[in-house]
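Structure record follows, encoded as structure tokens.
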Amino acid sequence: GVTGDVAAFGGPPVGVDATIPDVLKVLDIGLMGLAQARYDRFTVAGDLFWVKLSDDGPMPRGLLAEKYDLTITNLMLTGVVGYSVLYESNMNLDLVVGARYWSVDNNLDFKGAGTLLPPPSLEGVSLDQKEGWVDPLIGVKGKVDINESFFLTGWALVGGFDVSSKYMWDAMGSVGYRFNDWSAATLGFRALGVDYENGGFEYDV
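For the sequence shown, position 87 (counting from the first letter as 1) is numbered 126 according to this note's numbering, and the numbering increases by one without interruption.
Written out as structure tokens, the structure reads:
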């Protein structure tokens, strides 16, 4: 789900309130994964979130163009290093510091002639706007083993600090199942927010 205010192509901010079913209707593909390496109390971890959304439809009353095609691609790539302030055989709590790279790519295509006479038309016009920025971040992450196979894991991160974004935050909690010593799957809930502006681009979601 997505809620907040966005602005692109120099237009005014527009309120967005899309539920999870709304997002699934326009979801083309998405990837999310986490990799981590640990040595004693020290850890390094990377997090990838990538999603491509697309929507199309008729222009209002067919003015200026017959239809539009909108594609939005979001990338979030995070890297952190950490140190375990709590380090036991069945649990750990790590303080982490790192950075997150954000990329938002909006592409808007207009197709078909409009109905206005004389006919100013957006037919064949393609608008593309891509923004990328890096936010520093700090936080905590941890894991607690329930037994040899199941575990609880999560993190809480904050960042931005007006370096690029005004602020960003990220919180996750999940239950995991360990397949072997190097791979596992988790099921949980994640929520995050960011407030970034640059000229006519605004991303406060």
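Note that CB positions come from ideal geometry on N, CA and C, so glycine has one too.
- DSSP places V164 in no alpha helix (DSSP H); its state is neither H nor E.
- Three or more pairs of CB atoms, one per stretch, sit closer than 8 Å, so the segment 199-206 contacts the segment 157-176.
- With the rule of 3 Cβ pairs closer than 8 Å, the segment 118-138 does not count as touching the segment 87-100.
- For D61, the enclosing alpha helix (DSSP H) starts and ends at I59 to V65.
- Residue state for G101 is assigned as helix, using DSSP reduced to three classes.
- Burial of D209 is indicated by the presence of at least 16 other C-beta atoms within 10 angstroms of its C-beta.
- Put simply, the backbone Cα of L103 is about 15 Å away from that of D95.
- Cβ neighbours of T58 within its own chain (closer than 7 Å, five residues either side excluded): G40.
- Taken through DSSP and simplified to helix, strand or coil, R229 comes out as strand.
- Distances from the alpha-carbon of N219 to those of W194, S188 and L196 put S188 closest.
- In terms of Cα proximity to M115, the closest of K64, D167, L70 and T192 is L70.
- The three-state secondary structure of W89, taken from DSSP, is strand.
- Within the same chain, and ignoring the five residues on either side of V55 in sequence, the residues whose Cβ sits closer than 8 Å to its Cβ are V41, T42, G43, D44, V45 and V244.
- When the alpha-carbon of N131 is set against those of E236, G239 and F81, the nearest one is in F81.
- Between G163 and G101, the C-beta spacing is not below 8 Å.
- Rounded to whole angstroms, L109 and N237 show a C-alpha spacing of 21 Å.
- Nearest Cα to G72 within the set P159, L161 and S222: S222.
- Beyond the five residues adjoining it in sequence on each side, F228 comes within less than 8 Å, by CB distance, of M211, G212 and S213 in the same chain, given in chain order.
- Rounded to whole angstroms, the separation of the alpha carbons of G178 and P60 is 31 Å.
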